[in-house]
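All the letters of the sequence shown, read from the start, carry residue numbers 1255 to 1488 under the numbering used here. To start, the structure itself, in structure tokens.
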Amino acid sequence: MKNRDNAKTSIVLVHGAFADGSSWRKVISVLEKNGRTVTALQIPLKSLTDDVATTKRAIDAQKDDVILVGHSYGGAVITEAAAGNPKVKGLVYVAAFAPDAGETLNGLIERFSPSPLGTAVIPDSAGFLYIDRAKFHGVFANDLPDDEAELLAATQKPLAAAIFGEPVKAAAWKTIPSWYVVSTQDNAINPDLERFMAKRMGAQTKEIKASHVGFISNPSEVAKVIEAAAVAAQ
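Quick look at the structure:
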């Protein structure tokens, strides 16, 4: 009976920059064992507008209520994509940006001292950003084993630099219950910025000793927060 009840609330996972949907694989495994229906999106990372549109389509495709989860840049995506949609019953931010309406990622980043990631990002000839392979482990996945970090570095998905200047049009966290997982060892987003955004939202907040990719290094802890949001929605 528990699994049947759990299946009524779908989980939609939105990856961030330099990653793709498969990065959620460990969290997906935990949630599906709990009977959840999970969808991990593949967003284009070409513009905030495109990524929001992709996420809105995925929300609409779900049969039931949705818990929307965003990592890193994916937090900005879910913030706008969920606005005004009654199907979304909870937002979960995992070491993620949570802009207010009209804010940009650059504007948020500038509120606190810069993170090590800023020194490791390189633009390509088309204005897309990627992380220097030699620095990837330290600035993005500092608590993962070498082989896992190397795989992430090899498969990283660049994002358009222009995204950092695109303002978010609406802030869904103002009307939808929110949860936030702060990564205390994050070298990509300043943990104090994460705490600021979580507090501003009034989110139920959990801190974990993890890198920027805490959902890979601590999947069970992150899955627990997502489960809490899903249970609250039932």
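In this text, a Cβ means the ideal position worked out from N, Cα and C, and glycines have one as well. Fair warning: this is a prediction, and the values are worked out from it, not measured in the lab.
Asked, Found
"Coarse secondary structure for Val1306, derived from DSSP in three states", "helix"
"Nonlocal neighbours in the same chain, by C-beta distance under 7 Å from Ser1471, ignoring five residues either side", "Asp1397, Leu1398, Ala1464, Ser1465"
"Segments of 4+ residues assigned as alpha helix (DSSP H) that fall wholly inside the region 1308 to 1369", "1328 to 1335, 1359 to 1363"
"For Val1436, the first and last residue of its enclosing beta strand (DSSP E)", "1432 to 1437"
"Residues of its chain near Ile1417, where Cβ-Cβ distance is below 6 Å and the 5 sequence neighbours each way are ignored", "Leu1302"
"Backbone CA spacing between Pro1473 and Val1479 [nearest angstrom]", "10 Å"
"Under the three-state DSSP convention, the category Thr1373 falls into", "helix"
"C-alpha distance - Lys1256 paired with Gly1289, whole-angstrom precision", "With a pLDDT of 44 at Lys1256, under the threshold of 50, the predicted position of this residue should be treated as unreliable, though the coordinate-derived value follows. Rounded to whole angstroms, Lys1256 to Gly1289 spans 8 Å at the Cα level."
"Status (buried if at least 16 other CB within 10 Å, exposed otherwise) for Asn1444", "buried"
"Which listed residue (Ala1457, Lys1389, Gly1275, Ser1264) has its alpha carbon closest to that of Thr1373", "Lys1389"
"Coil, strand or helix - Ala1414 by DSSP", "strand"
"Nonlocal neighbours in the same chain, by C-beta distance under 6 Å from Trp1278, ignoring five residues either side", "Leu1267, Ala1294"
"Three-state secondary structure assigned by DSSP to Glu1249", "Since the displayed the chain opens at 1255 and closes at 1488, residue 1249 lies outside it and no answer follows."
"Cβ shell of Asp1446 (< 6 Å), same chain only, five flanking positions each side left out", "Phe1366"
"Within 9 Å, strictly: CB atoms of Glu1420 and Leu1359", "yes"
"First through last residue of the beta strand (DSSP E) which encompasses Ala1294", "1291 to 1294"
"Three-state secondary structure (DSSP) of Lys1256", "Residue placement at Lys1256 is poorly supported in this model, since its pLDDT is 44, which falls under 50; the coordinates are not used for a value here."
"With 16 other Cβ atoms within 10 Å as the buried cut-off, status of Val1346", "buried"
"Own chain, CB closer than 6 Å to Ala1484, minus 5 neighbours either side, in chain order", "Thr1263, Ile1321"
"Per-residue DSSP class, three states only, for Ile1385", "strand"
"Spatial distance of Tyr1434 from Ile1363 (CA atoms)", "17 Å"
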